[in-house]
Structures are given as C-alpha cells and as structure tokens.
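Residue numbers (our numbering): 110 to 605.
Glycine included, each C-beta is placed from N, C-alpha and C at the ideal position.
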Ligand SMILES: Nc1ncnc2c1ncn2[C@@H]1O[C@H](COP(=O)(O)OP(=O)(O)OP(=O)(O)O)[C@@H](O)[C@H]1O
Ligand SMILES: [Mg+2]
C-alpha cells in the first residue's frame, strides 16, 4: 500500500527545549493510525508540523511521494489534509453554519452573494452523517462542548480530505456520538482515506485502529500492528515501565456527613436533586452528556441561574450565590472546560496555580513569593506537570498538562468538598493514575470528592457511591458493591 504521508527525521525545539528528536511517521491509504504517548510527548506538535502550523527544524515531509513545506494549514487543506484540533477552534459568536464554512463561504460565481441555503443544507447533511441534530442557525457558543466538537468534525469531513488528523476528537463526546463517529471513520477508511488518530482512550485505539505509533519524550519508540500487540505492550512503550493496576486500591475510612443537598433545582437543567456525601467519600456522578451532571456542580459552586433548594455543609445550612461564597465555604470546582473557565491561558503555570490561592499564600494582602514558589513547585512535582519551569505560559503546555494545572490550582485552597468534572479527560494513562492517587490522598484526610465522569470504568474504579442522572433528575443511587456498567447505563438511559 502506498504512503499518503511520510515524515522522516523530524526535529523541533521551542526555545531551548527540544520536543521532537528525529521522529518518523507514515500514514497509508485506508488505514487508521493511532499516535500515542504521554502528555507532552509531542503528538500534537508532530501533527502541527505536518499541517504547517509550526515550522520544523529539520526532517522531510512527503505527501503522496511529493516533498512539501506547508507554510500554514490552508496549504495543507488544499493538499487534502484536514485536522480536528485538540483545542476547539469554534468561534462562539458565530452560528453553527458560519463555523462550518469559516474562510470558505460558498458564493454565486464572483458575486459575493452567499449561497446560504446550500450551506445550511450541507451543514445539516454532515452533522446528520454524524448522527447529531443541531440547528445550523444556532449560536455555536450556546452548544455543549460535545456539540461544538461535532461541528469541528463535520467541518473536517466536509473538506473531503484524503488525510484526516483527529487530535483527541472523542474527549467531549457521548458514547452514542463516539459510535456515530467510528461509523463515519470506518466508511472513510473503506474509501481509502488515511486517518491519524490521537487518543488516550485505550479501548478506542483497540476498537478502531489498524496501526499504532508511540512517542516518548519527543522520541519515536515504534510502530505496531494493532492485531499483533496488546495493552501492556503499548503502555510499556509509552511510559517505559510497568504501570500495574489502573485504579489504585481505596482503603479510606468514610466519616460523618459533610454535604447535604435538598431539592436542588435550576432554571431547567436539573430538578429536585437530593443527596448527601460524607467525609472521605468519593461520590461519582454518572449519566449521559446533557443529563444535568455538570449542572449539579454549577449549582453547588454558585454559577447557575435561578437555583433553588438547600445546601448544608457539616450540618449548617449555607447560601451560595456566587463562586466566592462556595470558595469561602471550602467548595472547589475543577471544570470540564479548562479553556473557558479553568485557566488563564496567557498567564504562566505559576500564576494560574497561585490565582485561587492568593489568600493562603499572602500575608496582610501581600503575596509571599517564597511561599508561592514553594507551593507551585510542590504542585508541579506532585502532579508531574511537564513544564520547563513555573514561568512557562499555560497556552504552550500540552493538553493533558493544562488539565493538571487546573487541578493544582484548586488543591491549594485545601477544599472540604472538591468537585471534579471529567478530571482525567485528555490525561495520559500514567497521569490518570497519579490523579487517582491524589483523590485517595485527599479523601484520606477527610476531603469529600464529587467526581463527574463519562468513563464508566473510572466511575466504577474510584467511587464509593454513584449517583446516576437522567434528564435532569436523579435516576438512581448505587453503592459501589452493587454497581455495574450495565446497571448504570440502564438507569442513565431512563430504565427503571
Ligand atoms: N508553542 C509552544 N511553545 C513552547 N512549548 C511548547 C509549545 N507547544 C508545545 N510545547 C511543548 O512541547 C511539548 C510537546 O507538546 P505536545 O502538545 O506536542 O504534547 P502532546 O503529546 O500532544 O500531549 P497531550 O497528550 O497532553 O496533548 C510539551 O512539553 C509542550 O510544553
Ligand atoms: Mg496534544
């Protein structure tokens, strides 16, 4: 089979830091090729070099045998290479259709008159192929992250590219959306399209990919045929050591009731939610996307509109109208949307981590830089954040490392209740375990963790009890001893 893409001897440095060292990678016609590696290994950088977003320092790139040197993604698109980036590139103020056709509007001849009906039609068609029903006129910013991701995917599909690069496309999708996406990917493969698939979800890699290449610290480790390899081999290639069990054992003594919620409702996404959580407990919240999981967190953190119901902390009723109230009571919230709500991308790792901790790190209103530096260093070490120093801007960190900064930022307030919304999304398999270990450490000193997750193995592996949401209501509460994947899905889809 002929190679669509051939990258050989690619090297790249940012400043003094070399992030790719003599890396080679090839993509055949009609294959789905997984690109794996820990957070910061260089996967996104490799793909950005392929598409001309970053210049390479050395090496060659061939597309269908012809050497190329793209100076930007537009040129790559013209050669039939489309990308779905890890960071969403949706412009929230524009409509779904405008985002789909950004920079390549359909016009009548040279008149400049937009063929709006046709564009709308095409928008519906491509979204339809992905099994989603989104109004082309809706403002993109009003949609869920998963839906926004679907627009990006539909946009890439509509380019009829021969090479499709997907950098963690499923991170924000529901199971049903992922299935639809895989269907489309299999179709495209059958038509000869080559797909590069970057994901940290091992199950997906084994379900859909033909070959897999692994990067470690910017070095090419190897390429394997999926049929001839297994999970342990891949993990070993990625991290260079054995990982052991995916979920650490939890031996935490669960204490008194810490949080009690009675009849929590908001302007429509959740209705009449009541539950309690104890000290040292991990309370998992499962449910399909859009079922109201995140809205529970938002209500507890004081960011939802028109909320009603009562919240008790250590037996005392508390009133939360804004995030400051929640923080004052020791409630912290790691959001799922790290770009929108979690981080200030232009600031450094240090500033982001210190941002929520100013109170604790300051004396008489002055931030102690010694304390701050110490705390930031501790977080970088504990979470194994791959950064050149605390001064690197968060924008230039890899996706998974940004996620770790968000978590570090909240650990500093020493929360009583820590709400984690999709804490391991986009995080590599080794770092996932580090996050699970931190959850266990926190619960061991009495912190209550509320963990929202779409990954059922994670819910089952880490929770002491599980709330299952369905259409804005609490559909079931299960103890970990009785919970199974099937039972959770049953409740989440409205089964009795
Ligand atoms: N624009 C940039 N400036 C400086 N350093 C950068 C820049 N982009 C990436 N890096 C660094 O290059 C390294 C590789 O990052 P990259 O985004 O390619 O990792 P990745 O394998 O995609 O990781 P993840 O799984 O977390 O997305 C990281 O250490 C990152 O900090
Ligand atoms: Mg990446």
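Beta-carbon proximity check, residue i vs residue j, cutoff 9 Å
{"i": "residue 525", "j": "residue 485", "result": "no"}
{"i": "residue 283", "j": "residue 248", "result": "no"}
{"i": "residue 112", "j": "residue 174", "result": "yes"}
{"i": "residue 378", "j": "residue 409", "result": "no"}
{"i": "residue 302", "j": "residue 271", "result": "yes"}
{"i": "residue 240", "j": "residue 289", "result": "yes"}
{"i": "residue 413", "j": "residue 419", "result": "no"}
{"i": "residue 145", "j": "residue 321", "result": "yes"}
{"i": "residue 191", "j": "residue 266", "result": "yes"}
{"i": "residue 535", "j": "residue 277", "result": "yes"}
{"i": "residue 394", "j": "residue 575", "result": "yes"}
{"i": "residue 269", "j": "residue 364", "result": "no"}
The beta strand (DSSP E) enclosing residue i, as first and last residue numbers
{"i": "residue 579", "result": "574-579"}
{"i": "residue 250", "result": "Counting along the chain, residue 250 falls outside any beta strand (DSSP E), and DSSP gives it neither H nor E."}
{"i": "residue 329", "result": "328-334"}
{"i": "residue 606", "result": "Absent from the model: residue 606. The displayed extent of the chain is 110 to 605, so no value can be given."}
{"i": "residue 171", "result": "167-172"}
Start-to-end residues for the alpha helix (DSSP H) that takes in residue i
{"i": "residue 131", "result": "Careful: residue 131 lies outside any alpha helix (DSSP H), inside the beta strand (DSSP E) at 126-137."}
{"i": "residue 291", "result": "284-299"}
For residue i, the three-state DSSP class (helix, strand or coil)
{"i": "residue 568", "result": "helix"}
{"i": "residue 373", "result": "strand"}
{"i": "residue 530", "result": "strand"}
{"i": "residue 178", "result": "coil"}
{"i": "residue 204", "result": "strand"}
{"i": "residue 120", "result": "strand"}
{"i": "residue 243", "result": "coil"}
{"i": "residue 478", "result": "helix"}
{"i": "residue 112", "result": "strand"}
{"i": "residue 587", "result": "strand"}
{"i": "residue 507", "result": "coil"}
{"i": "residue 599", "result": "helix"}
{"i": "residue 147", "result": "coil"}
{"i": "residue 444", "result": "coil"}
{"i": "residue 497", "result": "coil"}
{"i": "residue 163", "result": "coil"}
{"i": "residue 426", "result": "strand"}
{"i": "residue 361", "result": "coil"}
{"i": "residue 279", "result": "coil"}
{"i": "residue 421", "result": "strand"}
Assumed close pair residue i, residue j - CB separation to whole angstroms, cut-off 8 Å
{"i": "residue 579", "j": "residue 592", "result": "The pair is not a contact, with the Cβ atoms about 15 Å apart (cut-off 8 Å)."}
{"i": "residue 147", "j": "residue 325", "result": "7 Å"}
{"i": "residue 388", "j": "residue 367", "result": "5 Å"}
{"i": "residue 513", "j": "residue 328", "result": "Going by Cβ atoms, the distance from residue 513 to residue 328 rounds to 22 Å, so no, they are not a contact pair."}
{"i": "residue 385", "j": "residue 581", "result": "The Cβ separation is near 19 Å, so there is no contact."}
{"i": "residue 548", "j": "residue 441", "result": "No, residue 548 and residue 441 are not in contact; Cβ-Cβ is about 13 Å, not under 8 Å."}
{"i": "residue 142", "j": "residue 319", "result": "7 Å"}
{"i": "residue 455", "j": "residue 195", "result": "Actually they are not in contact, since the Cβ atoms of residue 455 and residue 195 sit about 18 Å apart, beyond 8 Å."}
Check: residue i C-beta below 8 Å from any heavy atom of ligand 4
{"i": "residue 507", "result": "This structure does not include ligand 4; its bound ligands are ligand 1 and ligand 2."}
* To do: Kindly confirm or deny that the segment 544-562 and the segment 580-588 touch, where touching means at least three C-beta pairs closer than 8 Å.
  => No, because fewer than three Cβ pairs between the segment 544-562 and the segment 580-588 fall closer than 8 Å, the two stretches do not touch.
- Query: Taking three-plus beta-carbon pairs below 8 Å as touching, is the segment 341-351 in contact with the segment 152-166?
  - Reply: no
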